[in-house]
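Novice:
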Amino acid sequence: MRRQQGREGAVLMLVLWAVVLLSAVLLKVHGIMRVDVDQAVVDAKTLRARLVAESGLALARHPEIKRDSTLLRRGAEGDVEQMEVVVQSEGARLNVNRLLAQDSDGVLVRLLGDWGLSREEAEQVRDRWADWVDADDLTRLDGAEREEYRKTGQGAYPLNRPFQSLEEAREVAGVAALLDEKHPGWESAFTVHGDGRLDLQDAPADLIAAVCEVSRGQAELLVKTRRGRDGKDGTKDDLKFGTVTEALRIMGLGEVEGLEARVAVGAVLLRVESAGVVGGRRVTITEIAPQGAESRQVLARWERAGGP
0 MRRQQGREGA VLMLVLWAVV LLSAVLLKVH GIMRVDVDQA VVDAKTLRAR LVAESGLALA
60 RHPEIKRDST LLRRGAEGDV EQMEVVVQSE GARLNVNRLL AQDSDGVLVR LLGDWGLSRE
120 EAEQVRDRWA DWVDADDLTR LDGAEREEYR KTGQGAYPLN RPFQSLEEAR EVAGVAALLD
180 EKHPGWESAF TVHGDGRLDL QDAPADLIAA VCEVSRGQAE LLVKTRRGRD GKDGTKDDLK
240 FGTVTEALRI MGLGEVEGLE ARVAVGAVLL RVESAGVVGG RRVTITEIAP QGAESRQVLA
300 RWERAGGP
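The opening residue of the sequence shown carries number 0 in this note's numbering; numbering runs sequentially from there.
What follows is the structure, given as structure tokens:
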């Protein structure tokens with residue numbers, strides 16, 4: 000009798016163990032299926048958001064569409080689907096490679112000083128960027144060449160060629176952390192495209208002040224004047240400069256020797272940033288292309304996605 004009870008107890012334990020094991024397996028399968036379903040939803044939203052962003056780019060390329068057209072914005076915050084396209088002169092940013100090649104004029108150091116870097120910090124950024132892009136292995140006063148990078152296991156750096164992207168500029172020893180702390184979003188001031196001239200029709204005040212060697216107040220006066228009553232760039236009431244001299248006079252400058260080689264008015268290259276949002280999932284596509292309907296060769300294009 001006792002043996003029979005013992006066998007029944009053992010069988011019961013095996014059954015219970017099997018139930019527990021089966022439950023665990025089912026929970027695991029359910030979890031995997033749920034992850035797969037969730038990922039499928041994210042993928043579908045991302046695909047749709049990408050299509051919305053592509054449609055925005057197509058609209059912006061049309062020669063009859065102006066940068067302030069209402070067609071470049073669709074939906075409002077909170078809507079399931081939204082589109083927003085921003086068109087700007089690429090000349091509103093400083094070409095970092097051209098800047099380093101012409102570092103004798105001190106533009107970069109002045110700009111970094113305006114951002115809150117000390118003179119020593121600004122010169123370190125300039126020298127370390129310059130050591131990255133030059134062809135030799137001679138270390139500048141505050142620079143960094145191969146031996147410095149070997150200490151951190153980055154012996155393949157510096158690349159000794161011009162930056163091909165701003166992501167490369169972030170790889171320069173000790174620079175990105177400093178700039179992120181002093182001026183978050185610093186990348187928006189720079190580009191690796193264009194002829195190096197700053198477009199006074201679109202550039203922000205801090206860049207204008209650094210390039211034109213004027214006070215921040217003078218540069219802000221130029222920006223305020225060109226934006227018109229609505230205080231926005233790229234709208235119908237903007238003041239369009241006919242010449243560089245016209246723009247410089249607003250800041251109280253006349254003919255400044257050498258300055259016309261550093262500034263321009265009117266876009267040569269355009270940056271088109273098109274964002275599509277679907278169900279909180281955002282895809283942004285950016286293109287750099289020449290101005291003009293007859294020339295739409297894309298020089299650079301990249302995409303980033305994010306959101307729930």
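Heads up, the beta-carbon is just placed ideally off N, CA and C, and yes, glycines get one too. The structure displayed is predicted, hence computed values, not measured ones.
Just reading off the beta strand (DSSP E) that G305 is part of, what are its end residues?
Specialist: A299 to G305
Novice: Measure the C-alpha to C-alpha separation of G55 and Y148 and round it to an integer number of angstroms.
Specialist: 42 Å
Novice: Specify, as a first and last residue, the run of the alpha helix (DSSP H) that A209 falls within.
Specialist: A204 to C211
Novice: Of the choices E186, G305, R280 and E272, whose alpha-carbon is the least far from that of A299?
Specialist: E272
Novice: Which runs of the alpha helix (DSSP H) fall wholly inside the stretch 131-202 and span at least 4 residues, in chain order?
Specialist: 145-149, 165-169 and 174-181
Novice: Can you tell which of V243, G305 and V267 has its C-alpha closest to the C-alpha of G257?
Specialist: V243
Novice: For a quick check, are the C-beta atoms of R280 and R47 less than 9 Å apart?
Specialist: yes
Novice: Whole angstroms are fine: how far does the CA of K223 sit from the CA of Q153?
Specialist: 45 Å
Novice: Report yes if the C-beta distance between D113 and A209 is below 9 Å; otherwise report no.
Specialist: For the 9 Å CB-CB criterion, D113 and A209 form a contact.
Novice: Nearest to G105 by alpha carbon, out of Q87, S88, D126 and R92?
Specialist: D126
Novice: Using a Cβ-Cβ cut-off of 6 Å (strictly less than) and excluding sequence neighbours within five positions of R1, which residues of its own chain qualify?
Specialist: With a pLDDT of only 49 at R1, under the threshold of 50, the placement of this residue in the model should not be trusted; the figure read from the coordinates follows. Excluding residues within five positions, none has a Cβ falling inside 6 Å.
Novice: Return the chain-ordered list of same chain residues with a C-beta closer than 7 Å to the C-beta of D237, the five sequence neighbours on each side being excluded.
Specialist: R225, R226 and G227
Novice: So which of A266, L206 and L98 has the shortest CA-CA distance to I287?
Specialist: A266
Novice: Beta-carbon separation of A274 and E119 under 9 Å?
Specialist: no
Novice: Between the C-alpha atoms of A59 and D67, what's the straight-line distance to the nearest angstrom?
Specialist: 10 Å
Novice: Taking 9 Å as the threshold (C-beta atoms), are V132 and G107 in contact?
Specialist: It is worth fixing the name first, because residue 107 is Leu in this sequence and not Gly. Cβ atoms of L107 and V132: not closer than 9 Å.
Novice: Looking at the structure shown, is A75 part of a helix, part of a strand, or coil, going by DSSP?
Specialist: coil
Novice: Using only CA atoms, which one of Q290, R49 and P161 lies nearest to R97?
Specialist: P161
Novice: Go ahead and pull the three-state DSSP assignment for L116.
Specialist: coil
Novice: Determine the contact status of D130 and A143, defining contact as a CB-CB distance below 9 Å.
Specialist: yes
Novice: Roughly how many whole angstroms lie between the Cα atoms of Q290 and L269?
Specialist: 6 Å
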